[in-house]
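Below is one structure, written out as structure tokens; comments come after it.
And the structure:
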């Protein structure tokens with residue numbers, strides 16, 4: 001019987017070992033399940049944060065693009081305004097030249113320049129340049145008078161050269 005005692009001790013030890021192993025395995029399974037739950041929660045939170053970050057990044061990029069576009073439009077409008085001012089200044093100079101020495105080509109050039117300037121002003125939603133019809137008719141009359149005067153002077157010179 002004594003020889004059975006160690007066997008019974010070994011059997012009891014094995015049973016106790018199995019119970020302890022089972023109990024510690026259960027704790028490990030519960031700990032593993034808890035850690036898995038925490039990992040899943042963290043992954044979900046990270047995914048949500050990445051999603052929000054991407055939304056904010058897209059929104060920010062769109063706002064930057066809009067502001068850049070607005071800035072470019074503002075610069076283009078400034079350039080057009082500068083061009084319109086230069087065109088108006090050129091028109092004034094051309095009008096002074098026409099008043100000083102009117103020619104038919106200069107009057108046609110003035111009409112074309114006014115049309116081009118008004119096209120730029122229209123794009124800017126600004127008032128167009130108005131030149132009264134009297135200006136053209138008055139200067140056209142002056143051109144015709146100058147041409148007649150030049151023709152009569154030329155005839156007088158020819159008559160004097162012939163005689």
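Residue numbers (the UniProt record's numbering): 1 to 163. Ideal placement from N, C-alpha and C gives every residue a C-beta, glycine not left out.
Does residue 132 pass the burial test, meaning 16 or more other C-beta atoms within 10 Å, or should it be called exposed?
exposed
Can the beta-carbon of residue 98 be found less than 7 Å from the beta-carbon of residue 114?
No, they are not a contact pair.
Check whether the segment 105-123 touches the segment 55-72, taking contact to mean three or more Cβ pairs, one atom from each stretch, closer than 8 Å.
Flag = no, the segment 105-123 and the segment 55-72 do not touch.
By alpha-carbon positions, which one of 80, 102, 47 ends up nearest to residue 137?
102
Span separating the alpha-carbon of residue 91 from that of residue 143:
19 Å
Taking residue 77 as the reference, give the member of 141, 120, 32 with the closest Cα.
120
Would you mind reading off the limits of the alpha helix (DSSP H) that contains residue 161?
133-162
Could you work out which residue in 135, 145, 160 is closest to residue 111 when comparing CA atoms only?
With distances taken between Cα atoms, residue 111 lies closest to 135.
Just confirm the distance between the C-beta atoms of residue 116 and residue 87, as a whole number of angstroms; I'd bet it's less than 8 Å.
Yes, they are in contact, since the Cβ atoms of residue 116 and residue 87 sit about 7 Å apart, within 8 Å.
CA-CA distance, residue 53 and residue 63?
15 Å
Distance, residue 146 Cα to residue 139 Cα:
10 Å
Hey, how far is the Cα of residue 43 from the Cα of residue 31?
18 Å
On the three-state DSSP scale, how would you describe residue 126?
Residue 126 falls in the coil class under three-state DSSP.
Reduced DSSP category for residue 103 - H, G, I as helix; E, B as strand; rest coil
coil
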